[in-house]
């Protein structure tokens, strides 16, 4: 098995559906996503959290597909290209409006290596962060979970232990969460090249109802931001461990390229 990890990031991609205002049409979605102030906030979090977490991966052998609209503002597009340059294998994929599955499937296919026998498609939003060993963990766990099914059917690996970072003008909050349902950040699906399903084939909270799903709950591997631009409800569905400041410092030092002071000082 030669599995290629492809991390898909939708950067203000104008999809046909999936937003609270989708019933108002693609024009309304585009106006919301491309509003200069909102776009600047997305860049701010991408530069402060998402990108550093990718560059800090203990295993740097992975592919990043950043999905944007084919009418993404030119200055913003050039900025994204500059930001992506330090990544070993990053691709900017520009597409017209599609549903999220079709668009992300096309992005994945655009980045596939010819030598790969399997793809581990991984979800990551442009305002969240991965733990340092998320890619390494996907590569280690996914083939073993896949091997449990002799039919080589797709299988899902997710990480439900991590941190929530609430960003507010009244002061940020950082706290631990262990979700009781699958969480999308760093979630991956291993499947043979050419298989129809990807990690975007269904709602991330329901992947365990369609495919074999392994949840790794012991190691903190995500930071989820909660802020005014969240389109989905950022509510913790599980437990909230009561970590002390010292424990948070230790979790961050062991698993993430950030300090507590940096996260609490992050503005939006």
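Numbering (my numbering), first residue to last: 50 to 317. Where is the CB? At the ideal position from N, CA and C, for every residue including glycine.
Are the CB atoms of residue i and residue j nearer to each other than 8 Å?
| i | j | result |
| --- | --- | --- |
| residue 180 | residue 305 | yes |
| residue 178 | residue 315 | no |
| residue 52 | residue 231 | no |
| residue 128 | residue 57 | no |
| residue 203 | residue 244 | yes |
| residue 138 | residue 113 | yes |
| residue 186 | residue 265 | yes |
| residue 259 | residue 235 | no |
| residue 157 | residue 111 | no |
| residue 275 | residue 216 | yes |
| residue 278 | residue 87 | yes |
If I'm right that residue i touches residue j with Cβ under 8 Å, what's the distance once you round it to whole angstroms?
| i | j | result |
| --- | --- | --- |
| residue 209 | residue 287 | 7 Å |
| residue 147 | residue 64 | 7 Å |
| residue 159 | residue 140 | 6 Å |
| residue 223 | residue 309 | 6 Å |
| residue 94 | residue 182 | Not really, about 22 Å apart at Cβ, beyond 8 Å. |
| residue 132 | residue 100 | 6 Å |
| residue 135 | residue 104 | 6 Å |
| residue 60 | residue 150 | Not confirmed; about 17 Å, so no contact. |
Specify the secondary structure class of residue i as computed by DSSP and reduced to three states.
| i | result |
| --- | --- |
| residue 236 | coil |
| residue 55 | strand |
| residue 228 | coil |
| residue 85 | helix |
| residue 264 | strand |
| residue 276 | coil |
| residue 222 | strand |
| residue 64 | coil |
| residue 242 | coil |
| residue 139 | strand |
| residue 313 | helix |
Figure out for me which residue from the options has the closest Cα to the Cα of residue i.
| i | options | result |
| --- | --- | --- |
| residue 294 | 313, 285, 279 | 313 |
| residue 76 | 102, 120, 169, 126 | 120 |
| residue 285 | 227, 251, 310 | 227 |
| residue 367 | 308, 297, 290, 233 | The requested residue 367 does not occur in the structure, where the chain is confined to residues 50 to 317. |
| residue 268 | 112, 311, 211 | 211 |
| residue 84 | 157, 122, 116, 101 | 122 |
| residue 246 | 279, 201, 216, 215 | 201 |
| residue 170 | 55, 307, 278 | 55 |
| residue 237 | 229, 225, 252 | 252 |
| residue 165 | 298, 290, 50, 297 | 50 |
| residue 218 | 229, 296, 317 | 317 |
| residue 272 | 60, 225, 74 | 225 |
| residue 254 | 109, 78, 205, 300 | 205 |
| residue 142 | 301, 215, 62, 275 | 62 |
| residue 125 | 92, 107, 149 | 92 |
| residue 213 | 106, 79, 292 | 292 |
| residue 229 | 81, 207, 241 | 207 |
| residue 240 | 257, 279, 194, 88 | 194 |
| residue 145 | 302, 107, 102, 78 | 78 |
Got a sec: is the Cβ-Cβ distance from residue i to anything in chain B below 8 Å?
| i | result |
| --- | --- |
| residue 98 | Absent from the structure is chain B; it holds one protein chain and no more. |
Requested in this report: Let me know the alpha helix (DSSP H) ranges lying completely inside the region 160 to 218, each 4 residues or longer, listed in chain order.
Outcome: You should have 183 to 195.
Report task. Could you tell me which uninterrupted beta strand (DSSP E) segments, each at least 3 residues in length, are contained entirely in the region 89 to 126, listed from first to last along the chain? Result -> Secondary structure remark: continuous beta strand (DSSP E) runs of at least 3 residues inside the region 89 to 126, in chain order: 112 to 118.
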